[in-house]
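Quick mapping for you: the protein sequence lines, in order, are chains Z and P. According to the numbering used here, the first sequence is numbered sequentially starting from 256. According to the numbering used here, the second sequence is numbered sequentially starting from 24. Just so you know, even glycine gets a beta-carbon here, dropped at the ideal spot from N, CA and C. If you're wondering where the values come from, they're calculated on a predicted model, not measured in any experiment.
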Amino acid sequence: MSTRVLLHVGTPKTGTSYLQDVLFRNQRTLAAAGILYPADRFDAHFLAALDLMRMPWGGLEKQAVGQWDKLAKKVRKHDGTSIISHEILATASRAQVGRALTSLGHDDGTEIHVVISVRDLVRQIPAEWQENVKHRAALSYRAFLDQIQDPRREERISTWFWGVQELPEILDRWGDDLPPERIHLVTVPPVGGPQDLLWQRFSKAFGLDGLDLTLEAERTNPSLGVPETALVRRINRAANQELEPRDYRPLVRELLAHQTLSRRVDSPRLALPPDLHPWVSQVTASWVDEIERRGYDVVGDLGDLAGAPPVTDYVDPDHPDEAQVADAAVDALRAVLLEGSRWQRREGELRAELDDAYKALERSYLRPTYRWRERTVRRLQNSGLGRRGLSAYRRLRGRSSPPA
Amino acid sequence: MSGDGETPGIRRAWGWAAHLRDGGTTPWRDWAVEGTAHGRHLPGAQQLELLRRLNAAGDVSDGLATRVLEASAPGRGRPDLELVGSVDVLAFGPPPVDPADLSADELLRVAAGLLAEDVHAAGLPVAGTVRPRPWRTRYRLVGDPMLADPRRADLGSRGRPPGGRNELVVVLGTDVAQMMVDIWTARSIGVGTTPWGEWVRRARRLDALPRRIDLPRVARTAAERVGVRRVRVVLDVDALPRLVGVRRPLAAAPELSADAVELARRTGQVLGLLATPVERAALLREVLVPRLAEHPGPALVLPRRHVEWVRGHARTMRDELARAGYPVHGDPDGLLPVDRPGVTRPSDAGVLALALRLLLEKKSI
Chain Z
256 MSTRVLLHVG TPKTGTSYLQ DVLFRNQRTL AAAGILYPAD RFDAHFLAAL DLMRMPWGGL
316 EKQAVGQWDK LAKKVRKHDG TSIISHEILA TASRAQVGRA LTSLGHDDGT EIHVVISVRD
376 LVRQIPAEWQ ENVKHRAALS YRAFLDQIQD PRREERISTW FWGVQELPEI LDRWGDDLPP
436 ERIHLVTVPP VGGPQDLLWQ RFSKAFGLDG LDLTLEAERT NPSLGVPETA LVRRINRAAN
496 QELEPRDYRP LVRELLAHQT LSRRVDSPRL ALPPDLHPWV SQVTASWVDE IERRGYDVVG
556 DLGDLAGAPP VTDYVDPDHP DEAQVADAAV DALRAVLLEG SRWQRREGEL RAELDDAYKA
616 LERSYLRPTY RWRERTVRRL QNSGLGRRGL SAYRRLRGRS SPPA
Chain P
24 MSGDGETPGI RRAWGWAAHL RDGGTTPWRD WAVEGTAHGR HLPGAQQLEL LRRLNAAGDV
84 SDGLATRVLE ASAPGRGRPD LELVGSVDVL AFGPPPVDPA DLSADELLRV AAGLLAEDVH
144 AAGLPVAGTV RPRPWRTRYR LVGDPMLADP RRADLGSRGR PPGGRNELVV VLGTDVAQMM
204 VDIWTARSIG VGTTPWGEWV RRARRLDALP RRIDLPRVAR TAAERVGVRR VRVVLDVDAL
264 PRLVGVRRPL AAAPELSADA VELARRTGQV LGLLATPVER AALLREVLVP RLAEHPGPAL
324 VLPRRHVEWV RGHARTMRDE LARAGYPVHG DPDGLLPVDR PGVTRPSDAG VLALALRLLL
384 EKKSI
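This is the structure in structure tokens:
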């Protein structure tokens, strides 16, 4: 039984991809220190979270069947500390939290800690809109902002946003059954601080100080600027009805957004509209008061949650500079053309391979013995003795052909 | 909503939960009696209201009541909500609700999750193996899946599996409007698909029929493999038994109401997280569909505004099949849409009512 489980439950856009990549790539080093990060693929904990919450995710859920129980079993078997991390766990219901804690041994004495990394809403709000756009959303920034300010929270967008962002409420669900000293908040430092400060905080919260970990990560979740996000949103509006979800992810999210448009770093950045700062400050202050009252362990500084002051050069992504959008569109077209040409080359190669295979097949059909052998196999398959003989022959030959 | 720190409002909520657990049907707004905590946390408004609706619809076993109260609504949507009046105005979290105001869709999320658990727990019936008859007619059935799939399964159970040398490829079809309904139905009880309205709008926007019911294309693909002479287009299913070498009529697909298909689609979404894709399709087909078929209701039909659009495709289809020279069994004009009785979309209230009936049938889990 695990003696200690560190359960990192969010929030999105707080360096979680980086943390998970470091943990995944350093499993051996961690294991040598008695720490288990049980993942046979980089997104293992994402699949487990989908399974726990029974959440469809564009077809990926097919790979998630039974993954939470599998993960929990590995954790229970490990004698030492285990780490589980995925940001969508933030939206788990109380019943799902109960199931998760029980499956990890909470009722049997395992020491469970909940870790949550948090970033100021000044950065989280535009980042969440952008993330929605990278997941096919076509709503404007203003519509997104209106939805998240609507106190009724009946829409899908606002439900999800607050489900993964509203810190006191997330910790109500995850921390209801845990003492406050076992709940750890890691705050994301403001822009401009030391590069590795966030990692230092993660390292402290997860007890990784002193371990010789490779910190170069391959997986990050890059950001887009204003014209680039506006462009992807327009592509969503134009192509959503025709583009299948299985094609959207590799073509729009990966090829266009992550591999192409995220490299355009000189364009204006998304920001919180200045007129929303007072509201955000008020919400944040209420969170900070509540967290201080509850007495959670804070790794970092709750002052980080205040966020930067309003930007003076705010650019509205609903009314972007059209010349900048056109520039981004040219880059996008170029990437699509190059990808199309790569696929055409690959298709030609595959066609040639297929032609070769057909020719080889025809040659084998033309051999005079082929029809005789085919007749013999058919005759043998019509009797029990023949089938047994055929099966013995195939075993001896070293491969098993399926019955005709 | 933890059990400690109780206020009169929380105690009233626990009292209502106990009342519902005992089979009560009083709405929350009319409830006043306080009770004591029973569990780690109060169930959400969706779970409590679903149990109230179940109690109103029939006898709920203790086991089912417990499952409802401990359930989570699967997938994305509103989180478990608090009861208005049970707590003070909250500083955090979604606002409390009167459960009577919850939409059927919200309750259906929880119900579909429970139903998926039932279907999964029931497991697949053990299929007996039937030895193939050596002298059977070799055939392959393609086209409209709601015509082809059940008949293929029936033939298989009679020792006549599809395939084999010199097979006859039979392309099954009916009027195109019905085939649109059929293909959405087949996907809803198979691999899963989007809601009906969204699905039809997408097909319309693409101005293309789904491949499986594009009969000239299906026939052409078959003809390239076996030759035109070994392809038959069948628009009159009564002609099929003779073509595949049997005398008795073949099993047709069970008749499902529009609400039943939608419930299967919603249940299938959750089942996709409990079973592999192959198991999921088999569980829907063999466990859920027979139960849904026992609850008749209006069938789904194509909305009138799309009929002229499919009529154009039907004419093209008819003419292409005639030009290609495939033998056609049945009237080629049978591809043109005809008026059928039914509803143009499932109703959330109807789907929820059906879900309640199915949950109540399953009292033991």
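Excluding the 5 residues flanking residue i on each side, which residues of the same chain have their C-beta closer than 6 Å to its C-beta?
i, result
"Arg437/Z", "His368"
"Val591/Z", "none"
"Glu366/Z", "Arg259"
"Leu605/Z", "none"
"Pro267/Z", "Glu342 and Val419"
"Glu29/P", "none"
"Asp205/P", "Asp167 and Met169"
"Ala460/Z", "Val370, His439, Val441 and Val554"
Applying the 10 Å Cβ sphere with the 16-neighbour rule, what's the burial state of residue i?
i, result
"Tyr551/Z", "buried"
"Pro168/P", "buried"
"Leu616/Z", "exposed"
"Arg548/Z", "exposed"
"Pro157/P", "exposed"
"Glu384/P", "exposed"
"His574/Z", "exposed"
"Asp356/P", "exposed"
"Leu232/P", "buried"
"Trp627/Z", "exposed"
"Gly637/Z", "It is Asn, not Gly, that sits at residue 637/Z in the sequence shown. Flag for Asn637/Z reads exposed."
"Tyr503/Z", "buried"
"Gly229/P", "First, the amino acid is wrong: residue 229/P is Leu here, not Gly. Leu229/P should be labelled exposed."
"Gly81/P", "exposed"
"Leu297/P", "buried"
"Val507/Z", "buried"
Between residue i and the rest of its own chain, which residues show a CB-CB distance below 8 Å, the 5 nearest in sequence each way excluded?
i, result
"Val165/P", "Ala171, Val192, Val193, Val194, Leu195, Arg235, Val241 and Ala245"
"Val394/P", "As displayed, chain P neither begins before 24 nor continues past 388, which places residue 394/P out of reach and without an answer."
"Arg243/P", "Ala347"
"Ala40/P", "Gly58, His61, Leu65, Pro66, Leu71 and Leu92"
"Glu410/Z", "Gln402"
"Arg428/Z", "Ala347, Ser348, Arg349 and Val352"
Our contact map puts residue i next to residue j with C-beta atoms below 8 Å; I'd like the distance itself, whole angstroms only.
i, j, result
"Trp207/P", "Thr216/P", "6 Å"
"Lys377/P", "Ala283/P", "The amino acid at residue 377/P is misidentified as Lys; the sequence shows Leu. Confirmed, about 6 Å."
"Ala578/Z", "Asn491/Z", "Not quite, the Cβ-Cβ distance comes to about 21 Å (not below 8 Å), so this is no contact."
"Val249/P", "Val351/P", "So it is not a contact: roughly 17 Å between Cβ atoms."
"Arg227/P", "Trp332/P", "6 Å"
"Gly295/P", "Lys328/Z", "Contact flag wrong, Cβ pair sits at about 22 Å."
"Gly335/Z", "Gly289/Z", "4 Å"
Got a sec: does the ligand MN put a non-hydrogen atom nearer than 7 Å to the Cβ of residue i?
i, result
"Asp427/Z", "Absence of the ligand MN is noted for the structure shown, with no ligands found whatsoever."
Would you say residue i and residue j are within 8 Å of each other, going by their C-beta atoms?
i, j, result
"Leu138/P", "Thr290/P", "yes"
"Val142/P", "Leu263/P", "no"
"Ala563/Z", "Val446/Z", "yes"
"Gly693/Z", "Thr469/Z", "In the structure displayed, chain Z extends from 256 to 659; residue 693/Z sits before or after that span and is not available."
"Ala526/Z", "Glu93/P", "no"
"Asn495/Z", "Arg391/Z", "yes"
"Ile403/Z", "Ser413/Z", "yes"
"Trp37/P", "Ala60/P", "yes"
"Gly136/P", "Val293/P", "yes"
"Val370/Z", "His263/Z", "yes"
"Leu106/P", "Ala68/P", "yes"
"Ser372/Z", "Gly448/Z", "no"
"Arg44/P", "Pro97/P", "no"
"Ile212/P", "Arg308/P", "yes"
"Ala337/P", "Gly365/P", "no"
"Phe457/Z", "Leu274/Z", "yes"
To which residues of the same chain is residue i closer than 7 Å at the C-beta, ignoring the five residues directly before and after it?
i, result
"Pro239/P", "Met340, Glu343, Leu344 and Ala347"
"Val543/Z", "Leu557 and Leu560"
"Pro381/Z", "Leu525, Ala526 and Leu527"
"Ile388/P", "Reliability of the predicted coordinates at Ile388/P is poor, the pLDDT of 43 falling under 50, and the value obtained from them is presented with this limitation in mind. Gly86, Asp141 and Ala144."
"Trp384/Z", "Tyr396 and Phe399"
"Pro102/P", "Pro117"
"Arg642/Z", "Leu635 and Gln636"
For this session: Would you list, in sequence order, the uninterrupted beta strand (DSSP E) runs of no fewer than 3 residues that lie entirely inside the segment 277 to 357 of chain Z?
Result: 336 to 340
Exercise. In chain order, which continuous runs of the alpha helix (DSSP H) of length 4 or greater are located wholly inside the segment 77 to 151 of chain P?
Worked result: 85 to 93 and 127 to 145
Exercise. In chain order, which beta strand (DSSP E) runs of at least 3 residues are fully inside the segment 414 to 447 of chain Z?
Worked result: 438 to 442
Exercise. Which parts of the segment 581 to 637 of chain Z are runs of the alpha helix (DSSP H), unbroken and 4 residues or longer, counting only runs that do not cross its ends?
Worked result: 623 to 636
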